[in-house]
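For reference, each letter of the sequence shown is one residue, going 24 to 205 in my numbering.
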Amino acid sequence: MNSAVHFLLLMLPLISAQVTQWGPCPTPRVQPNFNLERYLGKWYEIEKIPTYFARGKCIEANYSLRKDGTIKVVNSQIFRNKFRSTEGTAVIRNKMEPAKLGISFSYFTPYSPYWIVSTDYTSVAIVYSCTDILHLFNYQYVWILGRSRTLPVVTVNYAKMLLQKEGINIYKLNATDQSCKT
Ligand SMILES: *[C@@H]1O[C@H](CO)[C@@H](O)[C@H](O)[C@H]1NC(C)=O
Ligand SMILES: *[C@@H]1O[C@H](CO)[C@@H](O)[C@H](O)[C@H]1NC(C)=O
């Protein structure tokens, strides 16, 4: 068997949660004139394509600038009744394309794409990540984030419409449980 195909068959079960598609990554347009300063602060996860690394509830992220210019990312969630948080780093890789960030949660993993497709900075943000494997297939994550724990249905539907317009598959998007004490 062709070794790339073999590799692919081994990988598929691991990545079954996210959307997997044949071929290279789609390239949606991203937020024009992205302003990082305005994006910083706290965002709540409203909907996402399920991931193996964030399966809990009350999922939120806080973005702040470090002195060295990198972005500190603190993700937190409640998983099996325990509060858990992890710290990662995001960077703008190319100043010409500031809405295309890279994000990593360990020194040992490469930066994954973290593209801000659209945001108004004050209520909603749409984040997209796609990685392709040998241009053979790709796996995609999508997050709809809010400045509050819940967003009006019209806002969420508008975000989904925008994603579809950019050719992004939204059928696996799932609402995050944000029934939390604070
Ligand atoms: C976000 O993180 C920054 C830097 O660590 C901190 O100063 C700020 O209080 C945090 N904001 C929230 C809402 O937790
Ligand atoms: C969708 O989210 C709910 C919580 O809001 C969760 O119970 C369910 O397992 C999720 N579905 C998938 C396919 O991850």
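Every residue gets a Cβ at the ideal spot worked out from N, C-alpha and C, and that includes glycine.
As DSSP reads the structure, LYS123 sits in a beta bridge with TRP138. Under the three-state reduction of DSSP, GLN54 is assigned to coil, being neither helix nor strand. Here TYR164 is bridged, per DSSP, to SER152.
For PRO133, the closest alpha carbon among the candidates VAL114, ASN192, LYS71 is that of VAL114. ASN85 places its beta carbon less than 7 Å from that of LYS65. Summarising the contact set, residues whose Cβ lies nearer than 6 Å to any heavy atom of ligand 2 are, in chain order, PRO73, ASN197, ALA198, THR199, ASP200.
Per DSSP, the continuous beta strand (DSSP E) segment holding GLU70 begins and ends at 64 to 71. For LEU159, there is no enclosing beta strand (DSSP E), as DSSP marks it with neither H nor E. Cβ-Cβ distances below 7 Å link TRP166 to GLU68, LYS71, VAL150 in the same chain, with the five nearest sequence neighbours on each side left out; the list follows chain order. Listed as beta-bridge partners of GLN187 by DSSP are no residues whatsoever.
At least one heavy atom of ligand 1 lies less than 6 Å from the C-beta of LYS65.
For ARG107, the beta-bridge partners assigned by DSSP are GLN100. DSSP, read as helix, strand or coil, puts TYR144 in coil.
Take PRO121, set aside five residues on each side of it, and the residues of its chain with a beta-carbon closer than 6 Å to its own are PHE57, ILE115, in chain order. In this structure, THR112 and THR93 form a Cβ contact; the two beta carbons are roughly 5 Å apart against a cut-off of 8 Å.
Within its own chain, the residues whose Cβ lies closer than 6 Å to the Cβ of THR178, once the five positions on either side in sequence are excluded, are VAL147, listed in chain order. When only Cα atoms are considered, ARG170 and THR142 end up about 11 Å apart. Assignment of ALA113 by DSSP, reduced to helix, strand and coil, places it in the strand class.
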